[in-house]
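Asks: Handing you a structure now.
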Amino acid sequence: MKVTVDQGLCCGSGNCVMLVPDVFDQREEDGIVTLLNPEPAAELHGAVREAADMCPAAAISVDEGK
Amino acid sequence: MDDNVSLDFPLDHPLPRVTALEPPREWEALRERCPVARVRLPSGDEASLVTRYHDARQVLSDPRFGRTLSAPGAARLSATESGGAFSGEMSGPIPQSGPGHERWRRLLNRWFTARRMAALRPGIEEMASRLIDEMIGRGQPADLKESLAFPLPVWVICDMLGVPDSDREKFAHWSDAMLSLTRYTGAEMKEAGAEFAAYMARHVDAKRAEPADDLLSELIVASNAEGQGLSEAELVATGRALLVAGHETTANMIGKMVAMLLADRRRWERLLADRSLVRTAVEEALRFDANLGFGMVRYIDDDIEVGDTPVRRGTTVVCDLAAANRDEAAFDGAGEMDLARSPNPHLSFGAGPHSCLGQALARTELQAVLDVLLRLLPSLELAVPATELRRVEGLLVTGLREVPVTWKES
Ligand code: HEM
Ligand code: SF4
């Protein structure tokens with residue numbers, strides 16, 4: 396799995412960080428998303444998909460790859 | 013589908029309800045037959061009501077839709093001459109779209125990040141425990157709204173802003189007036205708005221003179237740094253907006269969440285048996301709430317299409333988030349409350365660039381309250397049948413008037 400985020404779309408809701416703090420973070424100065432780990436371990440895949448589905452700004456993309 | 017529901021356009025928005033927790037019967041028919049419907053607002057002006065999930069999401073995410081209803085052709089919301097909260101001075105000085113809004117958002121976001129909210133959580137739980145203990149001490153039946161749902165978020169947002177929560181009766185009055193559709197006259201709304209603005213201006217001055225460890229003080233300091241911060245008028249408006257947005261919606265949501273969970277006590281028992289469901293239960297309560305309020309209002313200056321429906325330039329659009337949250341096209345078993353639903357991309361915090369600034373805080377408060385209630389009052393029950401709960405009427409934000417509860421003395 397490969398995760399990407401679009402900081403231009405992100406509104407800083409923090410929901411992805413609440414869901415998967417090992418993968419997502421927010422910049423301290425403006426709350427915009429940053430990626431801690433673009434290739435998360437398998438046990439986090441479910442939570443990462445949930446974060447992508449629930450992002451209010453559709454700023455998270457998940458490439459399931461192979 | 014219920015073909016017996018008659019739709020007489022323009023419908024009156026908000027639609028009337030049979031009981032407090034049930035959605036209006038028209039929603040399903042509207043989503044099916046007339047997803048962009050002509051409605052009449054309390055002001056008498058007409059607007060287009062959007063009830064499908066994907067349409068609402070499209071409108072909220074499209075930057076061509078503005079939030080400013082001060083455009084000459086835009087509909088007025090409330091029955092008063094000025095038109096209510098969104099066209100008045102409440103939103104006035106705060107930039108409503110484009111780069112100005114983005115700058116304002118990014119300046120404020122830092123106080124509402126997930127990690128900051130996680131740090132607040134122990135304090136919120138402690139306050140919730142204290143309020144519940146006091147409620148138990150006063151005896152039953154109790155009004156959970158007055159004892160817990162209202163004071164908790166007021167305390168949290170006052171603490172963040174650095175204003176005294178002993179003024180909460182004043183805030184409650186001012187914020188009701190600012191969010192009024194039909195309850196207050198134009199003159200009353202104006203007067204409350206002016207008092208509130210004067211109160212907040214005094215606070216901003218006091219913080220300027222003597223900065224403390226709170227959001228307003230830090231914003232002022234940041235605003236003194238060259239060219240980055242907020243003007244005096246923006247600071248005052250931001251303080252008011254945060255105080256109102258920070259307590260009214262959350263207070264109502266705590267009350268409605270507890271009422272929905274107790275309305276069918278199997279839901280409460282499921283949570284007692286499995287506390288790990290608290291997070292998804294909170295999201296589902298947000299989705300399932302049929303009383304999210306008036307809806308999100310937008311104005312379009314272009315001819316566009318919403319879904320397959322053409323919408324003309326100059327139309328005021330109201331996205332009914334609660335109706336969208338019940339759309340079967342987006343949620344399996346949308347009419348059922350499923351406490352384990354995941355993912356749950358509900359629209360209760362909006363979507364797109366204006367999606368709720370305080371959602372991490374709201375989620376933290378809702379989860380904390382539910383956790384503490386399950387722990388301290390597992391025997392909690394509604395003291396009246398759910399069908400007898402009464403809604404607050406005449407405001408943009410809706411909730412229950414009271415949430416009467418009982419419990420077993422231990
Ligand atoms: C359960 C509680 C809450 C609900 C259901 C809720 C809902 C919403 C919704 C739907 C919007 C979008 C408005 C639009 O699109 O026009 C919004 C925006 C906003 N909310 Fe909340 N909210 C809640 C709690 C809070 C809290 C605790 C705060 C904290 C201060 C807050 C502050 C704001 C602000 C400032 C905006 C405007 C954001 C912008 O324009 O960029 N809200 N909220
Ligand atoms: S959920 Fe989306 S909008 Fe919210 S912080 Fe994460 S990327 Fe940004």
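Line by line, the protein sequences are chains A and B.
Following the numbering used here, the numbering of the first sequence begins with 396 at its first residue and continues without gaps.
Following the numbering used here, the numbering of the second sequence begins with 13 at its first residue and continues without gaps.
Ideal placement from N, C-alpha and C gives every residue a C-beta, glycine not left out.
On a predicted model such as this, the values are computed, not experimentally measured, just so you know.
#1: Which residues in chain A sit within 9 Å of B:Asn-356, going by Cβ to Cβ distance?
#2: Is the Cβ-Cβ distance between B:Asp-350 and B:Val-290 less than 8 Å?
#3: Ends of the beta strand (DSSP E) at B:Cys-331?
#4: Throw me the rounded Cβ distance for the A:Gly-409 and B:Ala-126 pair, which I believe falls under 8 Å.
#5: Distance, Cα to Cα, B:Phe-98 vs B:Pro-54?
#6: Closest by CA to B:Arg-43, which one among B:Asp-145, B:Arg-338 and B:Arg-299?
#7: Considering only DSSP beta bridges, list what B:Gly-78 is partnered with.
#8: Are the CB atoms of B:Leu-394 and B:Ala-271 nearer to each other than 8 Å?
#9: Hey, out of B:Ile-232, B:Val-256 and B:Arg-282, whose CA is closest to B:Glu-246's CA?
#10: Among the residues of its own chain, which have a CB less than 6 Å from the CB of B:Arg-413, if the five just before and after it don't count?
#11: Does the pairing of the region 113-127 of chain B with the region 399-408 of chain A give three or more beta-carbon distances under 8 Å?
#12: State yes or no: is the C-beta of B:Gly-370 nearer than 7 Å to some heavy atom of ligand 1?
#13: What residue range is occupied by the uninterrupted beta strand (DSSP E) comprising B:Pro-416?
#14: Run through chain A and tell me which residues come within less than 8 Å of B:Gly-362, C-beta to C-beta.
#15: Bridge partners of A:Glu-434, per DSSP?
#16: Less than 7 Å separating the Cβ of B:Ser-360 from some heavy atom of ligand 4?
#17: From A:Thr-429 to A:Asp-458, what distance separates their C-alpha atoms?
#18: Mind checking if B:Ala-245 is an interface residue toward chain A, Cβ cutoff 8 Å exclusive?
#19: Mind listing which residues of the region 402-435 of chain A have their C-beta closer than 9 Å to chain B's C-betas, in chain order?
#20: Is it right to say B:Pro-26 is buried, meaning 16 or more other beta carbons lie within 10 angstroms of its own, or is it exposed?
#21: What do you reckon, is the C-beta of A:Val-443 under 7 Å from a heavy atom of ligand 2?
#22: Report the rounded CA-to-CA distance for B:Thr-31 versus A:Gly-441, giving the unit in angstroms.
#23: With distances taken from CA atoms, which of B:Pro-22, B:Glu-58, B:Asp-74 and B:Arg-117 is nearest A:Gly-426?
#24: Taking Cβ to Cβ, would you say B:Val-381 is nearer than 8 Å to B:Ala-154?
#25: Any idea what DSSP makes of B:Leu-385, helix, strand or coil?
#26: For ligand 1, is there any heavy atom lying closer than 7 Å to the beta carbon of B:Ile-144?
#27: Report all residues from its chain with a CB closer than 6 Å to the CB of B:Ala-302; omit the five preceding and five following residues, and keep chain order.
#28: So within the region 231-267 of chain B, which uninterrupted beta strand (DSSP E) runs reach at least 3 residues, ignoring any that extend past its ends?
#29: Taking a contact to mean a Cβ-Cβ separation below 8 Å, would you say B:Leu-298 touches B:Ser-360 in this structure?
#30: Does the Cβ of B:Thr-399 have 16 or more other Cβ atoms within 10 Å, making it buried, or fewer, making it exposed?
#31: When you compare only the Cα positions, how much space is there between B:Arg-252 and B:Lys-182?
#32: Comparing the CB of B:His-366 with every heavy atom of ligand 1, is any distance shorter than 7 Å?
#33: What is the DSSP secondary structure of B:Ile-106, counted as helix, strand or coil?
#34: What residues are listed by DSSP as bridge partners for B:Ala-154?
#35: Helix, strand or coil for B:Thr-410 per DSSP?
Replies: Looking at the coordinates:
#1: Taking the first residue of the second sequence as position 1, residue 356 of chain B is located at position 344. For the C-beta of B:Asn-356, the chain A residues within less than 9 Å are, from N- to C-terminus, Glu-445, Asp-448 and Met-449.
#2: Position 338 of the second sequence, counting from 1, holds the residue named residue 350 of chain B. Position 278 of the second sequence, counting from 1, holds the residue named residue 290 of chain B. Between B:Asp-350 and B:Val-290, the C-beta spacing is not below 8 Å.
#3: The sequence position of residue 331 of chain B within the second sequence is 319, counting from 1. Where B:Cys-331 is concerned, the enclosing beta strand (DSSP E) stretches over 328-331.
#4: The residue you call residue 409 of chain A lines up with position 14 of the first sequence. The residue you call residue 126 of chain B lines up with position 114 of the second sequence. Contact between A:Gly-409 and B:Ala-126 holds: CB atoms are separated by about 4 Å, below the 8 Å threshold.
#5: The residue you call residue 98 of chain B lines up with position 86 of the second sequence. The residue you call residue 54 of chain B lines up with position 42 of the second sequence. Note that B:Phe-98 scores a pLDDT of 47, beneath 50, so its modelled location is shaky; the value from the coordinates is reported in the next line. For B:Phe-98 and B:Pro-54, the distance between alpha carbons rounds to 14 Å.
#6: Position 31 of the second sequence holds residue 43 of chain B. Nearest of B:Asp-145, B:Arg-338 and B:Arg-299 to B:Arg-43, Cα basis: B:Arg-338.
#7: The residue given as residue 78 of chain B occupies position 66 in the second sequence. Its beta-bridge partners are B:Tyr-311.
#8: Locating residue 394 of chain B in the second sequence gives position 382, where the first residue counts as 1. Locating residue 271 of chain B in the second sequence gives position 259, where the first residue counts as 1. Against a cut-off of 8 Å, the Cβ pair of B:Ala-271 and B:Leu-394 comes out as a contact.
#9: Within the second sequence, the letter at position 234 stands for residue 246 of chain B. Checking every option, the nearest Cα to that of B:Glu-246 belongs to B:Ile-232.
#10: Against the second sequence, residue 413 of chain B aligns to sequence position 401. Here the set comprises Arg-402 and Val-404.
#11: These segments touch.
#12: Within the second sequence, numbered from 1, the residue matching residue 370 of chain B stands at position 358. In this structure, B:Gly-370 has its beta carbon less than 7 Å from a heavy atom of ligand 1.
#13: Residue 416 of chain B sits at position 404 when you count from the first residue of the second sequence. B:Pro-416: member of the beta strand (DSSP E) spanning 416-418, first to last residue.
#14: Your numbering for residue 362 of chain B matches position 350 in the second sequence. For B:Gly-362, the C-beta contacts it makes with chain A under 8 Å involve Pro-451, in order along the chain.
#15: The residue you call residue 434 of chain A lines up with position 39 of the first sequence. DSSP lists no partner for A:Glu-434.
#16: For the structure depicted, ligand 4 is absent and the ligand set comprises only ligand 1 and ligand 2.
#17: Residue 429 of chain A sits at position 34 when you count from the first residue of the first sequence. Residue 458 of chain A sits at position 63 when you count from the first residue of the first sequence. Taking the straight line from one Cα to the other gives about 17 Å.
#18: Numbered from 1 along the second sequence, position 233 holds the residue referred to as residue 245 of chain B. No, B:Ala-245 lies away from the interface with chain A (no Cβ there is under 8 Å from its Cβ).
#19: If the cut-off is 9 Å between Cβ atoms, the region 402-435 of chain A has Leu-404, Cys-406, Gly-407, Ser-408, Gly-409, Asn-410, Cys-411, Val-412, Met-413, Leu-414, Pro-416, Phe-419, Asp-420, Gln-421, Arg-422, Glu-423, Glu-424, Asp-425, Gly-426 and Ile-427 near chain B.
#20: As a first step, residue 26 of chain B must be located in the second sequence, where it is residue number 14. Under this definition B:Pro-26 is a buried residue.
#21: If you number the first sequence from 1, residue 443 of chain A lands on position 48. Every heavy atom of ligand 2 is 7 Å or more from the Cβ of A:Val-443, so no.
#22: Translated into positions along the second sequence, residue 31 of chain B becomes position 19. Translated into positions along the first sequence, residue 441 of chain A becomes position 46. Each residue's Cα considered, the two are about 38 Å apart.
#23: Along the first sequence, one-based indexing puts residue 426 of chain A at 31. With distances taken between CA atoms, A:Gly-426 lies nearest to B:Arg-117 out of B:Pro-22, B:Glu-58, B:Asp-74 and B:Arg-117.
#24: The residue you call residue 381 of chain B lines up with position 369 of the second sequence. The residue you call residue 154 of chain B lines up with position 142 of the second sequence. The answer is no: Cβ separation not under 8 Å.
#25: On the second sequence, residue 385 of chain B is found 373 positions in, with the first residue counted as 1. In the structure shown, B:Leu-385 falls within a helical segment according to DSSP collapsed to helix, strand and coil.
#26: Numbered from 1 along the second sequence, position 132 holds the residue referred to as residue 144 of chain B. Not under cutoff, so the answer is no.
#27: The residue you call residue 302 of chain B lines up with position 290 of the second sequence. So the qualifying residues of the chain are Pro-35 and Ala-334.
#28: As for any beta strand (DSSP E) of minimum length 3 sitting wholly inside the region 231-267 of chain B, there is none.
#29: Counting from 1 along the second sequence, the entry for residue 298 of chain B is found at position 286. Counting from 1 along the second sequence, the entry for residue 360 of chain B is found at position 348. Their beta carbons are under 8 Å apart, which means B:Leu-298 touches B:Ser-360 by this criterion.
#30: Here residue 399 of chain B refers to the residue found at position 387 of the second sequence. Exposed.
#31: Here the question's residue 252 of chain B lines up with position 240 in the second sequence. Here the question's residue 182 of chain B lines up with position 170 in the second sequence. When rounded, the separation of the alpha-carbon atoms in B:Arg-252 and B:Lys-182 is 12 Å.
#32: Locating residue 366 of chain B in the second sequence gives position 354, counting from the first residue. At least one heavy atom of ligand 1 sits closer than 7 Å to the Cβ of B:His-366.
#33: Residue mapping note: residue 106 of chain B aligns to position 94 of the second sequence, counting from 1. In the structure shown, B:Ile-106 sits in coil (DSSP, three-state: anything other than H, G, I, E or B).
#34: Against the second sequence, residue 154 of chain B aligns to sequence position 142. Beta-bridge pairing links B:Ala-154 to B:Val-417.
#35: Translated into the one-based positions of the second sequence, residue 410 of chain B becomes position 398. Annotated three-state conformation of B:Thr-410 is coil, per DSSP.
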